[in-house]
Each structure stands twice: as C-alpha cells, then as structure tokens.
C-alpha cells in the first residue's frame with residue numbers, strides 16, 4: 037500500500053513538473069549567452085526598470101556549444117536573444133536560419149567594418165584580438181630579444197618557448213590558426229601548412245584549452261616554463277588591472293602584434309526566430325549597442341566596444357592597443373573550410 | 042488466494058514499470074530524438090557513407106584508445122581498491138569511518154576539479170616538480186607527468202577506487218570468515234584458501250565493480266581532455282569535438298551509437314558471467330567478520346594495504362586545498378576572501394553558500410528518487426534471475442541491461458538530446474527545478490542497482506521459505522529477512538547516489554537557472570573566466586564541495602539504523 041502511495045506521489049510530481057513550466061513574473065526576457073558573458077548588475081537593472089522586465093540570462097557553454105544549443109532548439113527556442121556568436125561561427129549561425137533580421141537604428145553608430153552580416157540578423161557588440169603574449173621578466177633575465185614576427189617563432193633561437201591551443205578544442209587556438217592561414221595562405225614558398233611543420237619542429241607545445249596554456253604552461257603566471265603564449269591582446273592590461281597592490285607600472289606580460297597576424301574576433305547578438313518577446317528583444321539589442329552597455333564592456337569582458345566614439349579606459353589605450361592591420365578572413369571562407377583546416381592542422385601538428 | 046496474488050502481481054508490475062517509464066522519458070526519448078537528427082543524413086549515405094564516417098573519424102584508433110585506457114584504468118583501480126576493501130572489511134581500527142568517507146570524496150568532484158587537482162600535483166610547476174627541484178637543486182627540473190596516458194589512468198583510479206572499495210567491501214564484510222578458516226584447517230595454504238574459497242565468493246561483486254569502472258572510464262571525457270594531452274582521443278572526446286566544434290551531428294550520432302552498442306555488449310557478457318558466478322550464502326554481521334589487528338604483522342598489513350593507499354588518494358585533494366591558498370607560489374587568502382566578498386556587481390554571481398545549499402538539497406532529492414526507483418528495479422531483476430521460468434530470466438536480463446544503458450550513454454549527446462526534447466511539446470521542462478534531481482538520479486540509478494544486486498542475489502531463499510512457513514506475510518519477510526541483509530548495500534547505494542548528485546555537472550549546467558546554481562556549475566563558471574582570482578576561487582569552491590560531500594556522507598552514516606554497520 038505504501039509503495040503505491042509513493043508511486044502516485046512520484047507520478048504526480050513528474051506530471052506537475054511537466055504541466056507547469058516556470059511560474060512566471062509578468063514579463064521575462066530570456067537571453068542565452070556563452071559562459072564568458074559578464075556585465076555590471078546595475079547596468080542591466082537600469083534596462084529592467086526602464087522596460088518593466090526581468091532579464092533572465094542563461095549560459096550555454098563556450099561560443100560553439102551555445103550556438104549549437106540554439107540551433108537544436110530551433111523549433112522551440114531556449115531564449116529570445118542569443119549573444120556570443122563570433123565571426124568564426126557566423127556562417128553556421130546564418131545558414132542554420134535561426135535568427136530574425138533586425139535593422140536596429142543603433143547600427144548607424146556601430147563601426148561599419150564590424151558589420152559582417154548585411155542581412156542584419158547578427159549585430160556586432162564587441163571585438164577583440166587573439167595575440168601572442170610574452171613574459172617580460174623571462175626575456176629580460178635571459179637576455180633574449182622578443183620575437184617580432186610569426187616567422188621568428190620558427191627560429192632555433194626561440195625553440196621550445198611557445199605554447200598554443202588546439203584549434204579543435206579551443207576558440208583562441210582556432211583564431212590563431214586562422215591568423216596563420218591569413219598570413220601565409222595556401223600558396224608560395226611558405227604556406228600555413230609548412231609554417232606549422234616548422235613550428236612543430238621548433239618544439240611548440242600544444243594543449244587543449246586556453247586555461248591550461250595560460251595558467252599552467254605560460255611562465256608569467258608563475259607555474260609554467262614557456263614565455264610565449266597564444267592569448268588575447270587585452271591580457272597584459274587585464275594582468276595589470278588585477279595585479280595586487282602595490283601595482284607595477286607596466287604589466288608583467290606584453291603583446292607581440294606583428295602586422296597581419298592578429299586575428300580579430302567579433303562577437304554578435306541576434307534575435308531568435310520564434311522569440312516570445314520580440315519587442316523586448318529588439319529593445320534589448322538596442323540596449324546592448326547603446327552607450328550605457330557599450331562603455332561597460334571593456335572592464336567586464338576585456339574586449340573593445342563596437343560602438344563608435346565610446347571611451348575606453350586608459351589601461352586599454354596604453355597596454356591593449358588595437359593592432360594596426362589585423363588578420364582577417366571572410367566568414368564565408370571560414371565556414372566553408374574550417375573543418376578541413378582543423379583536420380589538416382591535426383595531421384600536421386599532432387599526427 | 043488467487044485474487045491476492047493477482048493483486049500482488051499487478052502491484053509488482055506497476056512498481057517495476059515506474060523505473061522503466063522513468064528511463065524511457067529521460068533517457069531513451071531524448072537520446073532517440075538527437076540520434077534521429079544525425080541518423081537521417083547518415084542513412085542516406087548507406088554502407089559506403091558509414092564506412093566514410095568511420096574512416097573520417099578514425100574509428101579503429103578511437104576504439105582501441107577508448108577500450109585500452111578503460112581496461113588499464115580498471116586494472117589499476119582494482120590494484121588500489123582490492124587491498125583497501127580487504128583491510129576495511131576484515132579489520133576494525135580507529136579512524137576507519139573517516140577514511141571511508143574520505144575515499145568517497147573523489148567520486149563527488151567534477152572532472153574539471155579533479156583535472157585541476159592533478160595539475161596542481163603532477164603538472165608543470167606542481168607540487169611534485171617543486172619537490173624534485175628541491176631535491177635535485179636543478180631549478181629547471183621537469184616534474185610534469187600530465188599530457189600522458191599515465192596521468193589519465195591515475196585520475197581514473199583516483200575517481201573509481203571508491204566503487205571497488207564500497208561494492209567489494211560490502212560483500213567481503215558479510216562473508217563468513219569460517220569458510221576460509223575451514224579450508225586452512227583442511228590443509229590449504231593462505232593463497233590457496235583465498236583463491237579457491239574467498240575469491241570465487243567475491244567474484245560477483247568484483248565483476249560488478251569492474252563493469253561500472255570500465256563503463257565510466259570508457260566514456261570518460263573531461264579527464265582525457267585535461268590530462269591526456271591533445272594527441273589522446275577517445276570516442277567521447279571525438280563526439281565532443283564532432284558535435285560542439287564541427288557540429289557534425291551525423292558523425293556524432295554514429296560515434297554515440299557505437300559507444301552505446303559496445304557498452305551494452307560488454308554489459309551483456311558481464312550479466313552472463315554474473316548469473317553464473319552468483320552463489321547463495323549466509324551473510325554474517327560485521328561483528329562476526331571483523332576483528333582488531335592483533336599482531337605487529339597485521340598492523341603492518343593494515344598500514345601498507347589500507348592506510349598508505351588511502352593517504353595517497355588524499356594527495357590530490359590536499360593539493361586542491363593547498364592550491365586555493367597559493368598565488369604565484371606565495372601564500373594568499375585572497376581567493377577565499379573574493380569568494381565571500383562576492384564579485385558583488387557581477388551578473389552571474391551567486392553566494393557559494395547558496396550554491397552549497399542548492400547542491401545538498403538536490404543531492405537529498407536525487408538519493409530519494411534513485412533509491413525509490415532502484416530498489417524495486419533491483420528486486421525485479423534478482424527475482425527474475427532466480428525464477429526458473431524462461432520469461433522471468435529473459436525479462437530480468439532485459440531490465441538488467443536497460444538500467445546499465447545510462448553508463449554507456451554519451452553525456453555530450455544526451456545533453457543536446459535534452460535540449461531537443463525537453464524544451465517543447467510534449468515535454469516542456471525548460472528551467473524546471475524538478476528536472477535537476479531527476480537527471481541526477483538517472484546517473485545514479487545504475488550504481489544503486491549494481492550496488493544492491495549482489496546482496497539481493499545472495500539472500501538465501503530458504504530463509505524466506507522458513508519465514509513463510511512460520512507464517513510471515515510477504516511484507517514481514519521483506520522487513521525481517523531481506524532488509525537486515527540489504528542494509529549495508531542500501532547505505533552504500535544511498536551514499537553513491539548522494540555523491541553522484543553532488544558532483545554532477547553536465548546535465549545541471551544545461552537545466553539550471555541562476556538561482557538553482559549548484560557548486561559544480563559555479564566551479565565551472567569560475568574556471569571559464571580569465572584571471573588568477575577566478576582560477577583560485579574555483580579551487581576554493583572545490584574545497585567547499587569536498588567539505589559538503591564529507592558532511593553529507595557523515596550524516597548518512599549517522600542516520601543509519603542501529604546495528605546496520607557498513608562494513
């Protein structure tokens with residue numbers, strides 16, 4: 037008898053869970069982001085008050101994983117707004133046809149070179165650069181000149197100093213691979229393939245994730261042995277900003293930004309098809325492109341705002357300059373070749 | 042009389058059906074939805090297409106790597122686990138219950154935390170390297186053991202030794218020592234008595250733990266990615282790459298199916314062995330099987346086989362706590378301060394205390410659900426296997442296999458399956474708080490059932506018959522005959538379900554809402570953000586998770602009924 041009762045209670049609980057989805061406040065705007073999304077609470081709260089809405093953020097993993105979740109839930113979207121698709125995944129997002137166009141009036145104030153989607157389904161929110169960071173103290177104490185170009189890294193002088201991420205499991209790794217493809221191309225005496233063969237022979241270390249590369253292998257963080265790492269152009273500024281008092285005058289690390297060799301990563305926002313709150317979603321997209329949100333971006337996510345004329349903190353201007361000529365590849369070409377490039381890279385470097 | 046048994050039969054079917062329905066809704070349905078998405082394009086290619094996918098993903102290499110590391114991991118886990126199980130089940134000594142709780146803690150830790158702990162211990166700049174540098178005087182000495190198969194095997198053994206210790210230990214502690222003594226009296230040597238008497242009786246529980254360890258390691262993913270280095274690939278890491286980075290659903294579906302089929306095949310083989318090796322015996326209470334070590338030789342054995350390996354297992358845990366107080370090789374309290382000061386204005390911040398409460402709450406719910414479903418399921422399986430009718434045997438074998446399926450299921454694929462199937466009609470469970478403990482119990486069920494089965498099978502039917510002859514009703518037989526025998530396994534199963542739930546990350550991360558965040562999700566969140574503070578906070582949170590697990594397990598040991606001593 038008792039067992040039957042338990043069964044009934046159990047079934048009832050499941051039925052209740054199935055029948056009543058989240059008990060809802062008046063209006064909720066659901067925003068799906070990648071796990072690295074960050075913003076100041078008061079900035080979001082201002083949007084909530086102004087629009088009488090509760091913004092419910094959910095994190096979907098890294099950029100690729102988040103996008104895949106959005107694609108898989110296409111028929112019944114997990115959210116109204118999707119933030120965090122970058123230009124390496126732009127093609128996949130557009131061809132999956134999960135977003136609705138929104139020609140936001142705020143786009144007029146957004147840097148035109150970032151607007152990679154003419155159909156206005158993905159609107160640029162921020163951008164950053166994948167760059168080589170080096171450990172200042174290491175190079176000083178070893179009396180070695182800091183390498184200036186990608187080619188330098190294959191010289192015997194710099195043997196065993198570099199750590200890179202696996203492009204099959206890491207987005208900075210993929211961005212760095214794309215930078216070398218943009219720099220060396222497929223033809224000529226030195227192709228991106230032969231470049232990586234040389235890097236491998238020069239004992240470049242490959243690890244699966246940025247965390248491992250930066251915190252475990254890079255010498256500037258106190259644990260690792262390798263003084264050059266593939267990271268972000270804002271990493272040195274971040275190190276200085278977070279350095280314990282007394283703060284040094286310069287960051288413990290520096291950027292190597294050779295011309296045409298820093299891949300620009302642009303992050304986009306879009307409104308999902310079938311959004312339950314399309315009006316609010318449009319207002320939220322406008323808000324993400326507004327002065328208020330854009331000026332919050334640098335110190336929260338350590339990338340540059342996409343809006344023209346938004347002041348960035350001094351620490352960005354001094355220690356995280358925008359590279360003069362970034363590496364760039366057309367998103368369509370990335371979408372068409374990404375898998376082949378990764379496969380070939382795996383054969384060359386890990387095979 | 043007939044009416045009564047018909048009613049009992051109907052109740053039995055309803056009772057047995059509940060866990061099956063549960064599994065169908067939360068495992069079979071989402072898996073089939075996501076596999077169907079990939080299978081469409083896969084089938085269009087026909088046999089040639091399949092061969093192409095197999096060649097493209099390097100299937101033979103993946104299979105060899107997955108199976109090879111899983112077998113080696115299982116062997117290593119047995120090497121560590123069996124001596125500990127022996128010491129724990131045959132001897133009484135001070136501090137034993139604390140040691141047992143400590144041994145179960147690795148089981149609760151999310152892979153990201155175990156990965157970090159091993160890196161702190163045997164990675165570049167880790168504790169081992171510091172010791173080597175200190176001893177050799179060479180500041181450039183290399184003490185890195187990560188990015189190797191060995192590191193993966195060690196981490197797997199670290200994770201799974203608790204399974205061997207708990208499952209084999211609970212069988213061993215109930216084993217009548219007089220059986221072995223009789224063999225000795227009859228002239229058998231120590232080794233012969235062990236290999237001819239004790240080992241055969243332990244075989245079912247050893248096999249049960251082996252199969253669980255093998256299944257866990259076979260589909261292991263985070264550990265391989267973090268400690269195996271970029272050249273090591275298993276089925277599950279390839280599924281991850283294919284589905285997350287390449288979004289190649291057909292290839293991912295193909296690999297998930299291969300993994301599932303192989304696991305089921307291995308399980309099936311194991312069930313055959315299991316039903317052949319099971320022996321009915323009269324289990325003894327701990328008071329009759331355990332003694333205090335009496336000679337210096339026995340004390341040495343206890344220390345060598347029990348205490349020393351346990352202490353070894355504590356090293357990564359200690360490294361984790363140590364790491365949470367380290368910044369660039371200097372002592373710091375900054376990470377702990379930051380944790381409780383709250384990144385204040387950050388959006389996803391939730392107090393670690395709140396996350397710990399959430400975690401414990403879900404763990405209690407998940408333990409309850411998985412025991413409620415697992416006990417009847419285990420009963421049905423044991424009963425079917427014992428029955429002489431073919432239909433009972435086949436039914437039991439089928440049930441047995443079904444409940445092992447969660448172990449062979451690709452976690453990455455199931456996660457995407459939840460997204461496809463739970464976010465729209467007929468099941469809209471997106472953001473539902475009830476789904477989290479449900480998902481946890483899905484993972485815990487195979488463990489609960491596996492833990493209960495050997496004990497259930499060993500119950501002597503004559504004891505039940507005797508009770509029935511003496512007039513006991515079926516319920517009374519369960520209470521007075523079955524329950525005392527089952528208590529130990531029941532508690533072991535509860536502890537497993539509890540720890541599995543505490544440490545579960547994959548499903549929770551998909552199902553959670555900000556206010557429902559658990560400790561593992563919070564840890565993962567910290568690790569995925571840059572900055573030494575976040576890395577340090579993750580280690581501090583890992584330490585809190587360990588403490589929560591220890592506290593919860595201590596509580597389970599406290600609430601146990603009088604006389605139900607777990608080995």
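Protein chains in written order, with the numbering used here: chain A, 37 to 387; chain B, 42 to 608. Even glycine gets a Cβ: it sits at the ideal position worked out from N, Cα and C.
Chain B within 9 Å of residue i, Cβ atoms only
i: residue 100 of chain A; result: yes
i: residue 243 of chain A; result: yes
i: residue 128 of chain A; result: yes
i: residue 119 of chain A; result: no
i: residue 261 of chain A; result: yes
i: residue 250 of chain A; result: yes
Sequence-distant residues of its chain with Cβ nearer than 6 Å to residue i (five each side left out)
i: residue 145 of chain A; result: 343 and 344
i: residue 365 of chain A; result: 214 and 218
i: residue 113 of chain A; result: 308 and 310
i: residue 186 of chain B; result: 163 and 192
i: residue 43 of chain B; result: Since pLDDT at residue 43 of chain B reaches only 43, below the 50 mark, its modelled position is unreliable, and no value is offered.
i: residue 41 of chain A; result: Unreliable placement is indicated for residue 41 of chain A, whose pLDDT of 45 sits below 50; the coordinate value is still reported in the next sentence. The answer is none, since no qualifying residue turns up.
i: residue 188 of chain B; result: 270
i: residue 408 of chain B; result: 535, 538 and 539
Cβ neighbours of residue i in the same chain (closer than 7 Å, five flanking residues each side left out)
i: residue 458 of chain B; result: 71, 72, 74 and 75
i: residue 434 of chain B; result: 425, 426 and 428
i: residue 294 of chain A; result: 184, 185 and 186
i: residue 109 of chain B; result: none
i: residue 591 of chain B; result: 142 and 146
i: residue 311 of chain B; result: 248 and 252
8 Å CB neighbourhood of residue i in its chain, flanking five on each side removed
i: residue 275 of chain A; result: 256, 287, 288 and 289
i: residue 220 of chain B; result: 238, 239 and 242
i: residue 93 of chain B; result: 86
Short CB-CB distance (under 9 Å) between residue i and chain A
i: residue 460 of chain B; result: yes
i: residue 260 of chain B; result: no
i: residue 368 of chain B; result: yes
i: residue 386 of chain B; result: For residue 386 of chain B, the predicted structure reports a pLDDT of 49, less than 50, and the residue's modelled location is therefore unreliable. The matter cannot be settled from this model.
i: residue 141 of chain B; result: no
i: residue 110 of chain B; result: no
i: residue 179 of chain B; result: no
i: residue 102 of chain B; result: no
i: residue 375 of chain B; result: yes
i: residue 571 of chain B; result: yes
i: residue 555 of chain B; result: yes
i: residue 566 of chain B; result: yes
i: residue 201 of chain B; result: no
i: residue 457 of chain B; result: yes
i: residue 287 of chain B; result: yes
i: residue 424 of chain B; result: no
i: residue 378 of chain B; result: no
Residue i (DSSP reduced to helix, strand or coil)
i: residue 48 of chain A; result: With a pLDDT of 46 at residue 48 of chain A, under the threshold of 50, the predicted position of this residue should be treated as unreliable, though the coordinate-derived value follows. Residue 48 of chain A: helix per DSSP, three-state reduction.
i: residue 169 of chain A; result: strand
i: residue 95 of chain A; result: strand
i: residue 291 of chain A; result: strand
i: residue 146 of chain A; result: strand
i: residue 308 of chain A; result: strand
i: residue 341 of chain A; result: strand
i: residue 379 of chain A; result: helix
i: residue 59 of chain A; result: In this prediction, residue 59 of chain A scores a pLDDT of 46, lower than 50, which makes its location untrustworthy; the coordinate-derived value is nonetheless stated afterwards. Residue 59 of chain A: coil per DSSP, three-state reduction.
Distance cut-off 8 Å: residue i Cβ against heavy atoms of the ligand MG
i: residue 77 of chain A; result: Of ligands this structure carries none, so the ligand MG is not represented either.
Please determine if the region 311-324 of chain A and the region 69-89 of chain A are in contact, where contact requires at least 3 C-beta pairs separated by less than 8 Å.
yes
I'd like the ranges of any alpha helix (DSSP H) spanning at least 4 consecutive residues and lying wholly in the region 510-560 of chain B.
515-518, 524-544 and 547-552
Contact between the region 347-360 of chain B and the region 119-139 of chain B (3+ Cβ pairs under 8 Å)
yes
Complete runs of the alpha helix (DSSP H) confined to the region 273-336 of chain B [at least 4 residues]:
276-281, 290-318 and 327-330
Any contact of the region 431-449 of chain B with the region 250-260 of chain B, i.e. 3+ C-beta pairs under 8 Å?
yes
Evaluate the contact criterion for the region 484-493 of chain B versus the region 288-304 of chain B: three or more CB pairs, one atom per stretch, below 8 Å.
no
Give a yes or no on contact between the region 158-165 of chain A and the region 330-341 of chain A, applying the rule of three or more CB pairs nearer than 8 Å.
yes
Restricting to runs no shorter than 3 residues, where is the beta strand (DSSP E) found entirely within the region 197-229 of chain A?
198-201
Count the C-beta pairs between the region 108-128 of chain A and the region 360-375 of chain A that are closer than 8 Å, then say yes if the count reaches three, no if not.
yes
Counting beta carbon pairs with one atom in the region 124-142 of chain B and one in the region 544-552 of chain B, are three or more of them shorter than 8 Å?
no
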